[in-house]
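Novice: Could you have a look at this structure, given as structure tokens, before my questions?
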Ligand code: PMP
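In the working numbering, the protein residues as written are 694 to 1114.
Following this line, the structure appears as structure tokens:
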């Protein structure tokens, strides 16, 4: 019957439950928990607005001049005059965006120049720029590892590494955080002939601890695995050339793929993977998070390239960043705070807190005194911990570090998380 269109059938059918199930109801618990916290009168740690940004270390938040101690602007490149000038020039010359994928109309001269800067910075044959570091991990991991392959990753890996595993079809094996022994044991259980990728991070971003890369790489090699190292938090200030923890550990020749980001030391946004593998360029054709998304705007790749070139000669900044990190670590310990690492292993200093309520209260007490740090909570943090995460910048002055410590003293005593003076 030609009059019986599928539409009329659907409309006349009696549906047993015409009210759609609210798919957002699964978050009711989280909404209630958050509301209960806000009802105690604290600010929402995840709804901070930078009203003005004055420098890499200073912003206006709620009308107050605030020291920034919770950014990934490790090398302070966001306001570097050469970086800003390169971005302005590219914006004028090439426009606001590319409106296309890297494999279609979205590769401009600037993307190539940015990849050239990376190849030089890392002294590697190939560099592929992605739109974010998240997408670099998502794309590279899911594309390298197919059905029948194994991905072996540290249990504390970044979300982008886990998501890269989920996007692909490989088997996923986790080993205990930074445990060389557990890595060895788990690799030993896998079929000898299977493809294997061990995924490591130079710096683990929640506690700021570094990986024992020398030992881990030796174990991975022993079992015939390829190695990917995420240097998101190591680029710029580890190793002779600032390439990352893998350079400092002396294992550059054994790492197959280095993933990184422009959103930390480089000071803009974007991601990348560099490699010496002779077939690496094929990844441009087969990596979905590279192919099926728009490329970075010309101004962004221009700022990234300018910044990467300057980071090749940033020894003074690097030294000052380390000095700041060690001083803050020692100072916080002297005040009585419990920290994530026994010494400053990176520019991230994690203050361990007993529970959510005191974490938020201390976070707010710091903010009210003009200091912004990151609040971190599960699931981002390992083992259900609550953290006040401090990350230093090479542009923090000695006076600012003194002020930061004084603020931590006052705020911690006000909330009772450290003993009175
Ligand atoms: N890897 C690690 C270890 C990270 O910490 C991050 C970001 N915090 C990323 C990758 C993703 O970088 P992006 O911000 O460029 O997406």
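Every residue gets a Cβ at the ideal spot worked out from N, C-alpha and C, and that includes glycine.
Looking at the strands, I want to know which residues DSSP matches up with residue 787.
Specialist: Residue 787 sits at position 94 when you count from the first residue of the chain shown. BP columns for residue 787 are empty, so no partner.
Novice: Determine which residues share a DSSP beta bridge with residue 885 and list them.
Specialist: The residue you call residue 885 lines up with position 192 of the chain shown. Partner(s): none; residue 885 has no beta bridge.
Novice: Tell me which residues share the same chain as residue 1052 and place their Cβ nearer than 8 Å to its Cβ, disregarding the 5 neighbours each side in the sequence.
Specialist: Against the chain shown, residue 1052 aligns to sequence position 359. Closer than 8 Å at Cβ, skipping near neighbours: 1046, 1068, 1070, 1079, 1080, 1081.
Novice: Quick one: what does DSSP say residue 1080 is sitting in, helix, strand or coil?
Specialist: Here residue 1080 refers to the residue found at position 387 of the chain shown. Strand, per DSSP.
Novice: Per the DSSP calculation, residue 867 is bridged to which residue(s)?
Specialist: Counting from 1 along the chain shown, the entry for residue 867 is found at position 174. According to DSSP, which records beta bridges pairwise, residue 867 is partnered with 846.
Novice: Measuring CB to CB, does residue 1115 end up less than 9 Å from residue 996?
Specialist: The requested residue 1115 does not occur in the structure, where the chain is confined to residues 694 to 1114.
Novice: For the candidate residues 732, 787, 831, 717, whose alpha-carbon lies nearest to that of residue 857?
Specialist: Counting from one through the chain shown, the residue named residue 857 turns up at place 164. Taking only the C-alpha atoms, the option nearest residue 857 is 831.
Novice: Can we count residue 804 as close to the ligand PMP, meaning its CB is less than 8 Å from some heavy atom?
Specialist: Sequence index remark: in the chain shown, residue 804 carries index 111 (1-based). Every heavy atom of the ligand PMP is 8 Å or more from the Cβ of residue 804, so no.
Novice: Mind checking residue 981: buried by the 16 CB within 10 Å criterion, or exposed?
Specialist: If you number the chain shown from 1, residue 981 lands on position 288. Exposed, because fewer than 16 other Cβ atoms sit within 10 Å of the Cβ of residue 981.
Novice: In the DSSP assignment, the alpha helix (DSSP H) including residue 1026 goes from what residue to what residue?
Specialist: Against the chain shown, residue 1026 aligns to sequence position 333. It spans 1008-1028 - the alpha helix (DSSP H) in which residue 1026 sits, taken as one unbroken run.
Novice: Starting from residue 805 and walking both ways along the beta strand (DSSP E), at which residues does that stretch end?
Specialist: Here residue 805 refers to the residue found at position 112 when the chain shown is read from its first residue. Careful: residue 805 lies outside any beta strand (DSSP E), inside the alpha helix (DSSP H) at 802-815.
Novice: So what's residue 1065 in DSSP terms, helix, strand or just coil?
Specialist: The residue you call residue 1065 lines up with position 372 of the chain shown. Note: residue 1065 maps to strand in three-state DSSP.
Novice: Under 9 Å, do residue 759 and residue 1065 count as touching if we go by C-beta distance?
Specialist: Looking up residue 759 in the chain shown gives position 66. Looking up residue 1065 in the chain shown gives position 372. Yes; because the gap between Cβ atoms is below 9 Å, this pair is in contact.
Novice: Return the CA-CA distance between residue 865 and residue 890, expressed in angstroms with no decimal places.
Specialist: Locating residue 865 in the chain shown gives position 172, counting from the first residue. Locating residue 890 in the chain shown gives position 197, counting from the first residue. Between residue 865 and residue 890, the C-alpha separation is close to 10 Å.
Novice: Inspect the CB distances between the stretch 982-994 and the stretch 938-948 and report whether three or more fall short of 8 Å.
Specialist: Too few Cβ pairs lie closer than 8 Å, so no.
Novice: How would you label residue 1032, buried or exposed, when you count the other beta carbons within 10 angstroms and need 16 or more for buried?
Specialist: Residue numbering aside, residue 1032 sits at position 339 when the chain shown is read from its first letter. Under this definition residue 1032 is a buried residue.
Novice: Cβ-heavy atom distance between residue 956 and the ligand PMP below 8 Å?
Specialist: Taking the first residue of the chain shown as position 1, residue 956 is located at position 263. Checking every heavy atom of the ligand PMP against the Cβ of residue 956, one is found closer than 8 Å.
Novice: Could you tell me how far apart the beta carbons of residue 1075 and residue 899 are, in whole angstroms, since I believe they sit closer than 8 Å?
Specialist: On the chain shown, residue 1075 is found 382 positions in, with the first residue counted as 1. On the chain shown, residue 899 is found 206 positions in, with the first residue counted as 1. Their Cβ separation, rounded to whole angstroms, is 6 Å, which keeps residue 1075 and residue 899 in contact under 8 Å.
Novice: For residue 759, report the span of its beta strand (DSSP E) as first-last.
Specialist: The count along the chain shown starts at 1 and reaches residue 759 at position 66. Taken as a continuous stretch (DSSP letters only), the beta strand (DSSP E) holding residue 759 covers 757-761.
Novice: Is there at least one non-hydrogen atom of the ligand PMP closer than 8 Å to the beta-carbon of residue 898?
Specialist: By 1-based counting over the chain shown, the position of residue 898 is 205. Yes; taking the cut-off as 8 Å, the Cβ of residue 898 has a heavy atom of the ligand PMP nearer than that.
Novice: In chain order, what residues of the same chain lie with their CB nearer than 7 Å to the CB of residue 695, ignoring the 5 residues before and after it?
Specialist: Locating residue 695 in the chain shown gives position 2, counting from the first residue. Summary for residue 695: the model assigns pLDDT 48, below 50, so the residue's position carries little reliability; its value from the coordinates is reported in the next sentence. Closer than 7 Å at the Cβ level, and outside the excluded window around residue 695, lies no residue.
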